[in-house]
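Protein chains in written order, with our numbering: chain F, 122 to 361; chain U, 122 to 361.
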């Protein structure tokens, strides 16, 4: 039986303010919990409503009822496992490879998909503007799966960061030059903008190369979603 | 004031069965409604709760209250405009260019994103297996925006369709050959599989070239989401 204070703590982690206060976040689902357990993330507590065993140190796993799990969960149909972990330790920013920078990406599903894409393409650093959605938001984590453990995400003043950067800065714009002809270098920063507004004027002024994904269909088509555009541009960064 | 039978009709269109029975579907939001109005789609009725005018023939636009609109809508916060349209007329399948085939894509958001991507890349034909989510599903339409008007979508027995096809058939597999080395032809069929299971065994046997998107990160990474994988592969199809 779960102590009331624990239940209250976990529920509070649905909010960014309390996640930051405690330095904790949670993920749901056995598969993701297992992936984080074998990563460099430090588990705080694993709550299980079913009989499945976890091979982790004593005291970490706690049996709870389905009703208790439901009270902690953000999901309508919570899976049988919820894992609470400490925030990743801050790492140095690695300027020896491409990195991604996000200028106010607000949709949790988009950020989650983008983290997963970075993991796929071996991009280990994401720099987020302070108004980008929190990477420990439960909806972000649902979309990232275990990738959160393998990508380093830094929240900072993006404008200051780019001003100090000494590697080339590329940005995705509707009217940029075709990425197919961009002759992308070995390392650089790729900036992606907000869902509705794109890259802000302030950040735009710091970008050395404006690139775009050529459009082949009817020109009335909306811009691509930021996650799908990121998929295409990261593929362009990595392909020969 | 809306007649009760009309309200009942629109509400019923949230279900595939009734959409097929009436040959009607609806979209929400002024921008999408306007995009469909200038397309080849035939409007049945436009419901507006606000004072904005639509330049369409008399009798098509009907003023309703916000409460009535809310009763018709699928959304928590319905926009002020809902448009009901007739299904697109069936067109001939165009074998002179690339087309996309979907083997049981079930998530409405994924199908919506894929339709929008096809529109972007000028892929005008999508062949869907019978178990692929219905393209007139309101959640699909939310993600496609106006693209539904510009892409022709056919539901058919995918296995029979591929058996009869005379252009090359490519399929996305985790262990396929790198798409970067695939030397893609001028025309072909790109098959994408179900979210959980990928391409089925039956369909897999009809595929001549198995391709994949190279993975650069940690090899424990999950596969890419079907919509982001489609984004990358359609980009590969269209780039020089």
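In this text, a Cβ means the ideal position worked out from N, Cα and C, and glycines have one as well.
Here the structure is a predicted model, which is why all the values come from computation and not from measurement.
- Proximity of the segment 263-271 of chain U to the segment 300-315 of chain U falls short of the contact definition, fewer than three beta-carbon pairs being nearer than 8 Å.
- Residue 233/F and residue 265/F do touch by the CB rule: their CB atoms are close to 4 Å apart, below 8 Å.
- One Cα belongs to residue 204/U, the other to residue 335/F, and the distance between them is close to 31 Å.
- Around the beta carbon of residue 194/U, 16 or more other beta carbons lie within 10 angstroms, which makes this residue buried.
- Bounds of the beta strand (DSSP E) holding residue 297/F are 290-299.
- The C-alpha of residue 339/F lies about 7 Å from the C-alpha of residue 243/U.
- Rounded to the nearest angstrom, the Cβ distance from residue 235/F to residue 352/U is 12 Å, too far for a contact under 8 Å.
- Contact annotation for residue 266/U against chain F: 343 [CB-CB distance below 7 Å, chain order].
- If only uninterrupted alpha helix (DSSP H) runs of at least 4 residues are considered, those enclosed by the segment 300-347 of chain U are 322-325.
- Within the segment 226-255 of chain F, 230, 234, 237, 238, 239, 240, 241, 242, 243, 244, 245 place their CB atoms closer than 9 Å to a CB of chain U, listed in sequence order.
- Within the same chain, and ignoring the five residues on either side of residue 151/F in sequence, the residues whose Cβ sits closer than 6 Å to its Cβ are 202.
- Under DSSP, residue 276/F takes part in a beta bridge, and its partners are 249/F.
- By the C-beta density criterion, residue 349/U is buried, having at least 16 other C-beta atoms within 10 angstroms.
- Not a single C-beta of chain U is nearer than 7 Å to the C-beta of residue 150/F.
- Residue range 259-265 is occupied by the alpha helix (DSSP H) that includes residue 261/U.
- In terms of CA proximity to residue 250/F, 275/F leads the group 275/F, 229/F, 230/F.
- Sequence-distant partners of residue 237/U (beyond 5 residues in either direction) whose C-beta falls short of 6 Å from its own C-beta, in its chain, are 265, 268.
- Taken in chain order, the whole beta strand (DSSP E) runs of length 3 or more contained in the segment 124-196 of chain U are 145-149, 164-169, 182-184.
- Assigned with DSSP and collapsed to three states, residue 226/F falls in coil, not helix or strand.
- Cβ neighbours of residue 298/U within its own chain (closer than 8 Å, five residues either side excluded): 330, 331, 332, 333.
- The C-alpha of residue 220/F lies about 33 Å from the C-alpha of residue 132/F.
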